[in-house]
Every structure is written in structure tokens, then in C-alpha cells.
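Contents: one structure, followed by commentary.
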Amino acid sequence: MEEDAEGDSTLGSIPLELLSEILLFIPTQELYPSCFLVSKYFHKAIELDVAWQRRCEQELELVAREDESLSWKHAYRGTRFFLL
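Right under this line is the structure:
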């Protein structure tokens, strides 16, 4: 089986945005550190801002950030911390 530049055999052929969508089915608390350790490609997919926007919408019902200069990941983490 051939490996791509990221070291993945078939996962590298899945578009980053699609992989990010698939990873939305994994609860956020299970992403760390497990999925980060799979590959750099998984790490990139998890870090996409649009994925964090979807997590904010789905899990926190947050559709807008108070501070637009913050990434959706930071908005998620800040809101999640506040809710706990």
C-alpha cells in the first residue's frame, strides 16, 4: 500500500474538510489526545476553524462569537469553561 507525504495510506486521499466532518461524530472530549496522535492529517482536520464552529453550534448552541477576533476553537473552549 502506498503512503502519501503525510504518512497515511488511504486517509490522505480523503479531503481534509470531509475528514473534519466525519470527526464531528466523535465527542470533543474524546478527540484529545487520541485523534491528535493518529496522524498530522487528523490533527489538521481537527484544527479546522469550521469544525469548531460546527461544534459550537451543535453542542453549545452558539451561533455567533462575542469577539470576532477569536477563533471558533477559542470561543468553544471559553464558553465550555464558562458553562462548567
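Quick note: the sequence shown uses our numbering, first residue 722, plus one each step. For each residue, glycine too, the CB sits at the ideal point set by N, CA and C.
An exposed status is given to residue 790, since fewer than 16 other beta-carbon atoms sit within 10 Å of its beta-carbon. In this structure the region 759-774 touches the region 738-749; the number of beta carbon pairs closer than 8 Å is three or more.
In the structure shown, residue 751 falls within a helical segment according to DSSP collapsed to helix, strand and coil.
Between residue 775 and the set 747, 731, 736, the nearest pair of CA atoms involves 747. Collapsing the DSSP output to three states places residue 788 in coil.
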